[in-house]
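Under this note's numbering, think of the first position of the sequence shown as -19, with each following residue one higher.
Glycine included, C-beta positions come from ideal geometry on N, C-alpha and C.
All of these numbers come straight from a predicted model, not from anything done at the bench.
In what follows, a single structure is set out as structure tokens and then discussed.
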Amino acid sequence: MNRRLISFAIKFAVSAVLLWLLARGIDVDAVGRQIAGADPFMLIVGVILAAAVIPMAAIRWQMVTRAIGQPVSLRDTQSITWIGWFFNQTLPSTIGGDAVRVYLAYRTGITKKGAIHGILLDRLMGLFVVLALATIFLPPLLAGITVDFQKWFLIAFIVAGYGGYTVLFLTSARFAEPLDNYRLGRMARELSHDARGTLLSPSPGGVILVISIVLQIVQNASVYAIAIAVGVEVSFYAIMVAVPAVLLISSLPISLAGWGVREQSMVLALGAMGVGSTDALAISVLLGLSWIVIGLPGALVWLGHRRRGESLEDAAQVSAGTSD
């Protein structure tokens, strides 16, 4: 059994266990009735807002590729981002959406390193904004959490996030030059150099930052619309407080497309803002389903790439570094 299949099986098991644990303490039938009775109009609004995130993410990625000197056209970043979303959310498989993005970006003519760095830095910029928002809204969130372990876990998670970014930016410093003696060390320093030149610069870093902030606001608006659709009385402020922490924890690559981790986190975070567990789970499930739906256009785009001879097998080889 290869490593990708083992990883897929572990993530599937984690998602299944977390969802099962959550279902034990919640009236699942009530959640189903709430979802079935959702307001179609507000649900469509939520899906449209969720879909708006994808082209915005593609613009951010395109700016990152230009900043590191490995430009990919906006047309290509748009189509590849839709495909990546499809493989991450709509059809999770042993080949992740980012691996497919690396392969397709590489096929546009840039270097393999450029493709990898561009996607990693795009991810890191988006995650940094989520981390910053989670930090800003941490005090009101902690005030609503009653279990000390959960409070300290969230604090430790955020601190670890900043620690990771500190290591990323310092790895290219002069004192870290001995890392050049090792292959992985050289790779880390090259990524760090690109990160400092892109994310810490006023331009394009500032513009990329603004896009990332707007993207997160739209993401939160999508969750708010879904909450209204299922009849949950919650303020947009409460969504702004809760959702960044949910997205931050869900970024851990330990479950299948975030399922299970997202639902557990949503119940905890929205619960801290006064939302009942049943309501929070209904919101989270509909959010996950909306992400599946908006990935469907990516399937059509992928079929177009398949006609050019591009395949998942080639994507796996390129992302694993076994193909030039």
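> Anyone know if the C-beta pair for Arg242 and Gly211 falls short of 8 Å?
Replying inline: no
>> My parser needs the alpha helix (DSSP H) runs of 4 or more residues fully inside the region 88 to 155; what are they?
In response: 92 to 116, 118 to 124 and 128 to 150
>> Between which residues of its own chain and Val187 is the CB-CB distance below 6 Å, once the five residues before and five after are set aside?
In response: none
>> Just to confirm my understanding: we take Gly17, look at its own chain, exclude 5 residues before and 5 after, and list those with CB closer than 8 Å. What are they?
In response: Val210 and Gly211
>> So, with DSSP's three-state summary, where would you put Pro72?
In response: coil
> Should Trp132 go down as buried or exposed, given a rule of 16 or more other Cβ atoms within 10 Å for buried?
Replying inline: exposed
> Asn(-18) to Lys(-9), Cα distance in whole Å?
Replying inline: 15 Å
> Less than 8 Å separating the beta-carbons of Val27 and Val273?
Replying inline: yes
>> Taking only three categories from DSSP, how would you classify Asn(-18)?
In response: coil
> Straight-line CA distance for Val139 to Ala114?
Replying inline: 11 Å
> Is the distance from the Cβ of Val52 to the Cβ of Ala79 below 8 Å?
Replying inline: no
>> Using a Cβ-Cβ cutoff of less than 8 Å, which residues in the same chain neighbour Leu266 once the five nearest sequence positions on both sides are dropped?
In response: Ile15, Ala18, Leu23, Gly26, Ile206, Ala209 and Val210
> Looking at the structure shown, is Val212 part of a helix, part of a strand, or coil, going by DSSP?
Replying inline: coil
> Can you find at least 3 beta carbon pairs, one from the region 224 to 244 and one from the region -8 to 2, that sit closer than 8 Å?
Replying inline: yes
> By Cβ distance, which residues of its chain are closer than 8 Å to Leu228, with the 5 residues on each side in sequence left out?
Replying inline: Leu107, Val110, Leu111, Ala114, Phe137, Ile138 and Gly141
> Is Val52 helix, strand or coil by DSSP?
Replying inline: coil
> Taking Cβ to Cβ, would you say Ala30 is nearer than 8 Å to Ser270?
Replying inline: yes
> Taking the continuous alpha helix (DSSP H) assigned at Ser235, which residues delimit it?
Replying inline: First-last for Ser235: undefined, no H or E at that position.
> What first and last residue would you give for the alpha helix (DSSP H) that runs through Ile263?
Replying inline: Ser257 to Ile274
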